[in-house]
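Below is one structure, written out as structure tokens; the observations come after it.
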Amino acid sequence: MRLRYEQWMTRYGRVYGSSREKEVRYQIFKDNAALVDSFNAAGDKPYKLGTNQFADLTNEEFKTTRCRFKGHMCSLQEESFRYENVSAVPTAMDWRKKGAVTPIKDQGQCGSCWAFSAVGAMEGITQLSTGKLISLSEQELVDCDTKGEDQGCGETNYPYTTADGSCSASKEGNPAATIKGYEDVPANNEVALMKAVSSQPISVAIDAGDSSFQLYESGIFTGECGTELDHGVTAVGYGESGGMKY
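In the UniProt record's numbering, the protein residues as written are 1 to 246.
As structure tokens, this is what we get:
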């Protein structure tokens, strides 16, 4: 297990401030690795766990640093749903293959998942509207979007720093995209969600606090999915694999 830990540290570039901290993290890693090995050995789920970049965090630490979306602060708009009358919904959709999704980004230990979730959806609709896939700035939302009204800078002009900062008016003066409004997908309506995702990438909130989500590696996730929404992500497609819909 020590060798596995050292190899894991090398893979993820992990460096600790002291030998004591390294030992504490090793014990956490060992517990998580045991969970991963036991789960995968059972082989009774359509997904696998792995000692990923979160393997030296307790589940509580993972939730504290990565799952800080406040679902109770969301307010649904009681307005019409623009995709309500969509009838020809394809059996599968993957906006990555259609060039409407930027490469995977990492929020780090900043609780800014909401910004990444929103930006992913905005990047998608901007590409569909203009034909240009532009990496927009999550940092600008973290720094500037305190009243729900903002324009979008590009990632190059306003790079991510994994921390709250002061809004840069000079950088905001050169918007890469402008969003004029938003709509909510009807709650608890999978048909409506499929209609929406078949039309564009969608910002969604999920319950990501379970250990199996923390250590997820591959496959169709069918683990615990509660109603305490604590993480923002972007839905970029759906389909079927091995007879299982996702």
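Glycine residues also receive a C-beta, built at the ideal position from the N, C-alpha and C atoms.
Inter-residue Cα distance where the pair is residue i and residue j
| i | j | result |
| --- | --- | --- |
| residue 26 | residue 61 | 15 Å |
| residue 182 | residue 80 | 11 Å |
| residue 95 | residue 238 | 9 Å |
| residue 6 | residue 108 | 22 Å |
| residue 149 | residue 64 | At residue 149, the pLDDT of 41 sits below 50, so the modelled position is not reliable; the number obtained from the coordinates is stated separately. Rounded to whole angstroms, residue 149 to residue 64 spans 27 Å at the Cα level. |
| residue 13 | residue 31 | 20 Å |
| residue 243 | residue 222 | 14 Å |
| residue 115 | residue 45 | 32 Å |
| residue 19 | residue 33 | 20 Å |
| residue 38 | residue 50 | 11 Å |
| residue 241 | residue 93 | 13 Å |
| residue 161 | residue 52 | 22 Å |
| residue 91 | residue 190 | 14 Å |
| residue 103 | residue 201 | 14 Å |
| residue 10 | residue 57 | 16 Å |
| residue 8 | residue 213 | 19 Å |
| residue 4 | residue 106 | 24 Å |
| residue 98 | residue 130 | 14 Å |
| residue 140 | residue 43 | 43 Å |
| residue 170 | residue 86 | 41 Å |
| residue 2 | residue 168 | 46 Å |
Per DSSP, the bridge partner or partners of residue i
| i | result |
| --- | --- |
| residue 49 | 216 |
| residue 232 | 205 |
| residue 240 | 245 |
8 Å contact criterion, which residue i and residue j should meet: CB distance rounded
| i | j | result |
| --- | --- | --- |
| residue 48 | residue 59 | With 8 Å as the limit, residue 48 and residue 59 do not qualify as a contact, their Cβ atoms being about 18 Å apart. |
| residue 36 | residue 215 | 6 Å |
| residue 203 | residue 120 | 7 Å |
| residue 233 | residue 117 | 5 Å |
| residue 69 | residue 205 | 6 Å |
Same chain, Cβ closer than 7 Å to residue i, neighbours up to 5 away in sequence not counted
| i | result |
| --- | --- |
| residue 166 | 143 |
| residue 22 | 16 |
| residue 67 | 208, 209, 230, 231 |
| residue 134 | 123, 126, 154, 176, 177 |
| residue 112 | 138, 142 |
Contacting residues, own chain, Cβ-Cβ under 6 Å from residue i (five flanking each side not counted)
| i | result |
| --- | --- |
| residue 185 | 192, 193, 196 |
| residue 151 | Any reading at residue 151 must be qualified, since the residue scores a pLDDT of 44, below 50, and its modelled position is unreliable; no value is offered. |
| residue 55 | 29, 32 |
| residue 101 | 95, 236 |
| residue 83 | 195, 196, 199 |
| residue 224 | 210 |
| residue 158 | 137, 139, 140, 171 |
Own chain partners of residue i with C-beta closer than 8 Å, once the 5 adjacent residues on each side are dropped
| i | result |
| --- | --- |
| residue 245 | 238, 239 |
| residue 89 | 194, 195, 198 |
| residue 132 | 126 |
CB contact check: residue i to chain D, cutoff 7 Å
| i | result |
| --- | --- |
| residue 65 | Included in the structure is just one protein chain, with no chain D present. |
Proximity test, residue i beta-carbon vs the ligand GTP heavy atom, cut-off 6 Å
| i | result |
| --- | --- |
| residue 232 | This structure lacks the ligand GTP; in fact it carries no ligand of any kind. |
* At which residue ranges does the stretch 55 to 106 contain complete alpha helix (DSSP H) runs of 4 or more residues, listed in the order of the chain? -> Entirely contained in the stretch 55 to 106, the alpha helix (DSSP H) runs reaching 4 residues are, in chain order, 59 to 66.
* To do: Within the stretch 2 to 32, note down every full alpha helix (DSSP H) run reaching 4 residues or more, in order along the chain.
  => The qualifying runs are 2 to 12.
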